[in-house]
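Input: a single structure, listed below in structure tokens.
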Amino acid sequence: MRAGSLRDGWEVVRHRGRVIREAMTCFYEQVVQEVPPRGAFAVHALGGTGRQEICPGSDVDVGIVVENVEENEHFLQHLTQQLRLLVPLVPGLRDVVKANAFPDLTDEKHFDLTSLASLLDADLLVGDVGFDDRIRRVCRKRAAELGLEFIFAINRDLRQLDERYPQPPGHVGAFHVKKGIGGLRNFQMTMWLYSFERWIPSVQVYEQARSTRRFDSEGAPTVKVLDAVGILFSVRCWIEQRRADQRRQDAQTKNGNRKHREHLLVDADDMKDFPDRFGADGLTALNAARETISSYRRETLDRLLEHGVVVPNTDGTVIWGSNGLRIPADAMFRDATQLFYSLYGAQQRFQVLIDSSTKRAARKNIAESLRPDAAFIRLMATPGPILPALQDWWEFGILDRLLPGFGELASRLYSPNHRSATLTRAARALQRIESLESLGHQKLTDVSSLEAYFVRQYEIIGESAICALRLALLTDEIPQTLYDNAEPYVGSVYSYVAEHLAHVPGLSGSTLRTVEFLLLMKRELLKSSEMSDQAQVMASWRQRINDLKSRDAADTIRALALFAYAAFDFRRPVGVQRDRLDFEQWQNVRNLTQNLLYEELGIGGQPYQDHYFDETGRRIGSLLPRRLLASPHVDNSLKPNYEGDEELDPQRAHRIIFALRDVVLTGRPKVELKRHNKSWQLTLFAWDFPGLFWRVAGALFDADCFVRSTDLYDIPDPNGPATDGE
Numbered sequence: 144m145r146a147g148s149l150r151d152g153w154e155v156v157r158h159r160g161r162v163i164r165e166a167m168t169c170f171y172e173q174v175v176q177e178v179p180p181r182g183a184f185a186v187h188a189l190g191g192t193g194r195q196e197i198c199p200g201s202d203v204d205v206g207i208v209v210e211n212v213e214e215n216e217h218f219l220q221h222l223t224q225q226l227r228l229l230v231p232l233v234p235g236l237r238d239v240v241k242a243n244a245f246p247d248l249t250d251e252k253h254f255d256l257t258s259l260a261s262l263l264d265a266d267l268l269v270g271d272v273g274f275d276d277r278i279r280r281v282c283r284k285r286a287a288e289l290g291l292e293f294i295f296a297i298n299r300d301l302r303q304l305d306e307r308y309p310q311p312p313g314h315v316g317a318f319h320v321k322k323g324i325g326g327l328r329n330f331q332m333t334m335w336l337y338s339f340e341r342w343i344p345s346v347q348v349y350e351q352a353r354s355t356r357r358f359d360s361e362g363a364p365t366v367k368v369l370d371a372v373g374i375l376f377s378v379r380c381w382i383e384q385r386r387a388d389q390r391r392q393d394a395q396t397k398n399g400n401r402k403h404r405e406h407l408l409v410d411a412d413d414m415k416d417f418p419d420r421f422g423a424d425g426l427t428a429l430n431a432a433r434e435t436i437s438s439y440r441r442e443t444l445d446r447l448l449e450h451g452v453v454v455p456n457t458d459g460t461v462i463w464g465s466n467g468l469r470i471p472a473d474a475m476f477r478d479a480t481q482l483f484y485s486l487y488g489a490q491q492r493f494q495v496l497i498d499s500s501t502k503r504a505a506r507k508n509i510a511e512s513l514r515p516d517a518a519f520i521r522l523m524a525t526p527g528p529i530l531p532a533l534q535d536w537w538e539f540g541i542l543d544r545l546l547p548g549f550g551e552l553a554s555r556l557y558s559p560n561h562r563s564a565t566l567t568r569a570a571r572a573l574q575r576i577e578s579l580e581s582l583g584h585q586k587l588t589d590v591s592s593l594e595a596y597f598v599r600q601y602e603i604i605g606e607s608a609i610c611a612l613r614l615a616l617l618t619d620e621i622p623q624t625l626y627d628n629a630e631p632y633v634g635s636v637y638s639y640v641a642e643h644l645a646h647v648p649g650l651s652g653s654t655l656r657t658v659e660f661l662l663l664m665k666r667e668l669l670k671s672s673e674m675s676d677q678a679q680v681m682a683s684w685r686q687r688i689n690d691l692k693s694r695d696a697a698d699t700i701r702a703l704a705l706f707a708y709a710a711f712d713f714r715r716p717v718g719v720q721r722d723r724l725d726f727e728q729w730q731n732v733r734n735l736t737q738n739l740l741y742e743e744l745g746i747g748g749q750p751y752q753d754h755y756f757d758e759t760g761r762r763i764g765s766l767l768p769r770r771l772l773a774s775p776h777v778d779n780s781l782k783p784n785y786e787g788d789e790e791l792d793p794q795r796a797h798r799i800i801f802a803l804r805d806v807v808l809t810g811r812p813k814v815e816l817k818r819h820n821k822s823w824q825l826t827l828f829a830w831d832f833p834g835l836f837w838r839v840a841g842a843l844f845d846a847d848c849f850v851r852s853t854d855l856y857d858i859p860d861p862n863g864p865a866t867d868g869e
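Going by our numbering, 205 is the number at position 62 of the sequence shown; the sequence numbering is gapless.
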């Protein structure tokens, strides 16, 4: 069924939703009949599947909640096997049917925002109605507890989408149907702000909006908004079908190497054909629909912020209002230092700017009373952009109090022939931070393979290392300005670290040593990178890194690579007259740090090679504790392959996991590790590596890493059945 016009969107996605829901219901009823679960259980359709609005190419999301996971391994395992058989039988699906295993119902705190957002639109397919009611009561209670967190999380996610897809309504160059401004994700996330607070599923909100009954409509979408969403559904169905046709044409013409456009990105070529498909006024209707959804988003947030929203974890001292973050009048008499860091911590965590009047008050009152505090270092280690705070502190004249010696850079200029001759050294220090944080806005698809290396390191670097990196970029030129020019550079770095940085509250020895290492190795890096293929050079760098005794040597190497990216201006910023390094030199920097990383993580290095090129899993299995092998998570038939006597060393487990991460050879496990809020998301893709997920999960557990939740994906291999998931 295809969209005949822009007005058919809802009809198409609802029809697909009903068909697929019926197919999934029959499937799960059969699975339950074949292998009955023990105790109460519920199988939910989630997301668009739960809302019965499935576009061509959409994932089919299913959530499974059981009273006792350990007693239902047989059921979950059988279910996974049957899912692989189902996918080819459901027409129009992509090759992904996703089953989400949620936390134990008895521990409510395990229901985090991600789980709650998934369950908000859950629709019971098969299971106990009473158990489903219990789940919804737990969710409603947790939603009330996490409501403020949810508002800020939605705002943060919307801002991040805006940065990635900034094209406004009316822009005909490109538009992401799902994630762009005025797109489907904008609508759904905005409507969740209404339905999450009341814990009302989206389908019920739609029905109320279209009915004549009166209901709590403040914040709910109007019929006009829902009609606009229908237009977006039509466009998505069209672009999905268009991309599928292009892939078929490429297959027929053997043009499979052609680079495809981003899946749901409607570009200029698509726009040219848009009037032929949807009529002369099609683009006008699309732009109007996007503007309607954008207005709904703005009005919803404005309504929330009209009276102000208390920022979580600030003890009521910071409010998010219509003009940004502010401090209420009754909080102004609290401790100035705590207020200061609560305010800037909220700005960094939630990426909401501070109200201008509050900023003036902070400059006049709070900054004058500010004392050194460990909160400064905690802020430097917190994910999120630190540049807005640093710019304010420099403007307030307090950065020197927080970071010893920084004031010396304010009046120091470069020589007339220097490439940064028009800037002060303080301006350059902030510019280096800006260059570093620009990596957070880069998409891997939009940058060269060389720059993509630095983007990936920035995505996964840890908090301690990012703190050291930021401090090193800010203090890079302080030693040579603070001390006599006659003193050797190395000596001035040692003196600055020992006499000044070491006394900054909250700065640990490990982080301090990493800062010192980055400052000292800046000049050595370029010289050594030209000889990165020589064994003695690599051995020398390896020894230096080992001598640091850092918490995570791999993160130290990442910090070194990123320090070079920002300090040597990979992307030449405004005011810098010429490039510092040429392309070949950047390749050398990448090769040196990448070789160090590979050696540390066991990728391509002899010490750990057998662990990740082990098709049977016997050698990795020999490192895992026997306790894990007794777990019901491990298939009994696989145990003989994995049993061993050697105890698992957490450090070795760490290296095994990271060794797996960058293995991209055909037929080998591929692993992605991404930061997700305060935790990490580990995704394993494997076709021929039985039991990989549970072996790695066991290694994580023994390395004191808590596995919060798991998502199982069935990704069929063209050469055979899939064996693992996420």
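Cβ atoms here follow ideal geometry from the backbone N, Cα and C, with glycine treated the same way.
With a 10 Å radius around its C-beta and 16 neighbouring C-beta atoms as the bar for buried, classify residue i as buried or exposed.
{"i": "Val-156", "result": "buried"}
{"i": "Asn-106", "result": "Absent from the structure is residue 106, since the part of the chain shown begins at 144 and ends at 869."}
{"i": "Asp-276", "result": "exposed"}
{"i": "His-217", "result": "exposed"}
{"i": "Phe-549", "result": "buried"}
{"i": "Phe-476", "result": "exposed"}
{"i": "Ser-591", "result": "exposed"}
{"i": "Phe-726", "result": "exposed"}
{"i": "Gly-206", "result": "buried"}
In whole angstroms, what separates the C-alpha of residue i from that of residue j?
{"i": "Leu-644", "j": "Ala-702", "result": "18 Å"}
{"i": "Val-806", "j": "Glu-580", "result": "Residue confidence for Val-806 is low, a pLDDT of 35 falling below 50, so the modelled location carries little weight; the figure read from the coordinates is stated next. Answer to the nearest angstrom: the Cα atoms are 27 Å apart."}
{"i": "Ser-500", "j": "Ser-485", "result": "17 Å"}
{"i": "Gly-718", "j": "Glu-630", "result": "30 Å"}
{"i": "Glu-288", "j": "Leu-444", "result": "20 Å"}
{"i": "Phe-711", "j": "Tyr-626", "result": "23 Å"}
{"i": "Val-409", "j": "Glu-743", "result": "42 Å"}
{"i": "Pro-648", "j": "Phe-519", "result": "8 Å"}
{"i": "Lys-670", "j": "Trp-729", "result": "12 Å"}
{"i": "Ala-489", "j": "Pro-180", "result": "45 Å"}
{"i": "Ser-512", "j": "Lys-284", "result": "41 Å"}
{"i": "Leu-375", "j": "Thr-435", "result": "11 Å"}
{"i": "Thr-567", "j": "Gly-362", "result": "49 Å"}
{"i": "Leu-149", "j": "Leu-650", "result": "59 Å"}
{"i": "Glu-96", "j": "Asp-516", "result": "Residue 96 cannot be examined here, being either before or after the span of the chain that is shown, 144 to 869."}
{"i": "Ala-317", "j": "Glu-383", "result": "15 Å"}
{"i": "Arg-341", "j": "Ile-163", "result": "28 Å"}
If you follow the beta strand (DSSP E) that residue i is in, where does it begin and where does it stop?
{"i": "Gly-464", "result": "462–464"}
{"i": "Phe-318", "result": "317–319"}
{"i": "Leu-267", "result": "266–270"}
Is residue i a contact residue of the ligand GTP, with contact defined as CB to any heavy atom under 7 Å?
{"i": "Ala-185", "result": "The ligand content of the structure shown is nil, which means the ligand GTP is not present either."}
Can you give me the Cβ contacts of residue i inside the same chain, cut-off strictly under 7 Å, excluding the 5 residues immediately before and after it?
{"i": "Ser-563", "result": "Tyr-557, Arg-571, Gly-718 and Val-719"}
{"i": "Val-657", "result": "A small fix is needed here, since residue 657 is Thr in this sequence, not Val. Taken in chain order, the residues that qualify are Ala-608, Ala-611, Leu-691, Ser-693, Thr-699 and Ala-702."}
{"i": "Ile-509", "result": "Ala-479, Leu-482 and Phe-483"}
{"i": "Ser-345", "result": "Arg-194, Asp-264, Met-334 and Ser-338"}
{"i": "Val-453", "result": "Leu-291, Gly-459 and Ile-462"}
{"i": "Thr-809", "result": "Note on Thr-809: pLDDT 31, under 50, position unreliable in the model; the coordinate value appears next. For Thr-809, where only same-chain residues beyond five positions count, there are no Cβ hits under 7 Å."}
{"i": "Ser-498", "result": "What sits at residue 498 in the sequence shown is Asp, not Ser. Counting only Cβ-Cβ distances below 7 Å, and skipping sequence neighbours, we find Gly-464, Asn-466, Gly-467, Leu-468 and Arg-469."}
{"i": "Met-332", "result": "Ile-297, Asp-300 and Leu-301"}
{"i": "Gly-605", "result": "Asp-695 and Asp-698"}
Does the Cβ-Cβ distance between residue i and residue j come in under 8 Å?
{"i": "Val-598", "j": "Leu-587", "result": "yes"}
{"i": "Ile-324", "j": "Asp-305", "result": "yes"}
{"i": "Glu-172", "j": "His-221", "result": "no"}
{"i": "Val-680", "j": "Leu-663", "result": "no"}
{"i": "Val-208", "j": "Phe-170", "result": "no"}
{"i": "Asp-413", "j": "Arg-385", "result": "yes"}
{"i": "Asp-204", "j": "Leu-189", "result": "yes"}
{"i": "Ser-437", "j": "Pro-312", "result": "yes"}
Please report the residue range of the alpha helix (DSSP H) in which residue i lies.
{"i": "Leu-691", "result": "678–691"}
{"i": "Gly-425", "result": "425–448"}
{"i": "Ala-260", "result": "256–263"}
{"i": "Leu-614", "result": "606–618"}
Please list, in chain order, all residues of the same chain as residue i whose beta carbon is under 6 Å from its beta carbon, the five residues on each side excluded.
{"i": "Ala-704", "result": "Gln-600 and Thr-736"}
{"i": "Tyr-487", "result": "Ala-532"}
For residue i, which residues in the same chain have their Cβ closer than 8 Å to its Cβ, ignoring the five residues on either side in sequence?
{"i": "Tyr-632", "result": "Pro-622, Gln-623 and Arg-666"}
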